[in-house]
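Here is the structure we will look at, set down as structure tokens.
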Amino acid sequence: MISENLKKITNSIAGYTCTLVAVSKTKPVSDILEAYQAGQRVFGENKVQELTEKEALLPKDIEWHLIGHLQTNKVKYIAPFVSLIHSVDSEKLLSEINKQAFQVKRIIPVLLQIYIAQEETKFGLDKTEALALLSEIKEKYQNVEVKGLMGMASNTENENQVKMEFRSLSEFYQQIKEKYNLTILSMGMSGDYKIALEEGSTMIRVGSSIFGGR
Ligand SMILES: *Cc1c(COP(=O)(O)O)cnc(C)c1O
């Protein structure tokens, strides 16, 4: 089942330059191994404790991404191994990632999470805050590398609204990517990744369409 789902999604993104992050949150290690055996190497989790537990049990060539809101006091647990943090939504968090990366002698790749949805509940920076942060990161935070932007569209049936939210993030990304050397635009989940791809996503985070509902 999991390998068939993976194959379907991989086929549907074949015409795009896009990385699939398999979001395995709440799913058992056996499910992740099944996806691994089908060739998937990039996995995303949103809880630090769950991520560290799974990382310890699974093959070392898995790339682990942290995709959800991250509390500063938990950064230290993932700093030794995390491949990409998608959800930098404050300078305080960025500064802590930098500090913990220094402790383990790493440069940790991150994305800035940009607020694009209409909903009040979504975390993220606005574009002005992101620009302010980008302009000072290289000098102030030498153990993080900002690779790109991440955004979540509103959870709505209105596809046009979702498309416009992705488009606004994509336009912002296009405007700044050369200046700041950005290569990743992380947008799109199970319900909206096809729209995200049409709007220029280079990384989709797909959970339930691979592993089933949670
Ligand atoms: C859970 C989650 C996803 C995946 O959601 P699905 O709808 O299951 O594909 C993607 N991104 C983030 C930030 C998530 O928390």
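The opening residue of the sequence shown carries number 2 in this note's numbering; numbering runs sequentially from there. The C-beta atom is built at its ideal place from N, Cα and C for all residues, glycine as well.
Closest Cα partner of residue i within the set the options
i: K28; options: R42, E46, R168; result: E46
i: E92; options: R107, W65, V111, S25; result: V111
i: A68; options: A57, T203, G152, D193; result: Note that residue 68 is Ile in the sequence shown, not Ala. It is G152.
i: I14; options: G201, F212, I109; result: G201
i: L150; options: V207, K9, V89; result: V89
i: S191; options: E146, K77, S210, T73; result: S210
i: H87; options: E179, A131, G213, K148; result: K148
i: K77; options: I109, E158, L113, V30; result: I109
i: K139; options: N99, G213, G214; result: N99
i: A133; options: N159, V105, Y181; result: Y181
i: H70; options: F124, E158, K9; result: F124
i: E179; options: S25, T11, A36, L135; result: L135
i: V30; options: E54, E120, T157; result: E54
i: L7; options: K61, E146, G208; result: G208
Coarse secondary structure for residue i, derived from DSSP in three states
i: E146; result: strand
i: N114; result: The residue asked about is misnamed: residue 114 is Gln in this sequence, not Asn. Strand, per DSSP.
i: R107; result: coil
i: V83; result: coil
i: M190; result: coil
i: R168; result: helix
i: L126; result: strand
i: S155; result: coil
7 Å Cβ cutoff met for residue i and residue j
i: K115; j: L183; result: Checking the displayed sequence, the identity of residue 115 turns out to be Ile instead of Lys. Not closer than 7 Å, so no.
i: M204; j: I177; result: no
i: A23; j: Q38; result: no
i: S96; j: W65; result: no
i: A80; j: A102; result: yes
i: S155; j: A131; result: no
i: L113; j: L126; result: yes
i: F44; j: I63; result: yes
i: F173; j: D32; result: no
i: I10; j: E35; result: no
query = Any chance the region 48 to 57 sits against the region 11 to 22, with 3 or more Cβ pairs inside 8 Å?
reply = no
inquiry  = Does the contact criterion of 3 or more C-beta pairs under 8 Å hold for the region 190 to 201 versus the region 156 to 173?
reply    = yes
query = If you scan the region 9 to 81 from start to end, which runs of the alpha helix (DSSP H) of 4 or more residues do you find wholly inside it?
reply = 30 to 38, 49 to 58, 76 to 79
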